[in-house]
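Engineer: Below are the structure tokens for one structure; questions will follow.
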Amino acid sequence: MDTWILLSLLASTMAVYYYLFKDLNFFKKHGILHIPPWPVVGNMAPVFLRQLSLTEIVEKIYNLNPDAKYVGFFDSMNPIVVIRDPDLIKSIGVKNFESFPDRRPFIDEAN
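Just add 2 to wherever you are in the sequence shown, counting from 1, and you've got this note's numbering.
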């Protein structure tokens, strides 16, 4: 009986650990410059703790490397790429718009 409880506790702990840490190396795997995130809050901890505003965090990430065409950050558990290069923005926003279906909407589509 105790063995089953310990095994289920171990399996639950491993599942929670996997869920919290599985995507935190997303940008490292893809070679994208980023600030290392925290589990659950990502790079938004200073916003949640009211140390910095959201605009200050985005500005900090945007200015991470002036020569980079794009940089990444985590909005909680979601990886987000900030594109800095105007030509790349034009290519994604105009020429290849339909190839990026997972983009965030800029307006509420319900209204």
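Positions of the beta carbon are idealized from the N, C-alpha and C atoms, including for glycine.
Between the Cα of serine 78 and those of Ile7, Met46, Ile94, Phe23, spot the shortest distance and give me the residue it belongs to.
Structural biologist: Met46
Engineer: Would you say the beta carbon of proline 38 is closer than 7 Å to some non-hydrogen atom of the ligand MG?
Structural biologist: Of ligands this structure carries none, so the ligand MG is not represented either.
Engineer: Rounded to whole angstroms, what's the CA-CA distance from proline 81 to isoleucine 7? Just pull it up for me.
Structural biologist: 35 Å
Engineer: Count the other CB atoms within 10 Å of the CB of phenylalanine 99; is the residue buried (16 or more) or exposed (fewer)?
Structural biologist: Label assigned to phenylalanine 99: exposed.
Engineer: Could you tell me which of Asp87, Val96, Trp40, Ile59 sits nearest to proline 125, measuring between CA atoms?
Structural biologist: Residue numbering for the chain in the displayed model covers 3 to 113; residue 125 lies beyond these limits and cannot be assessed.
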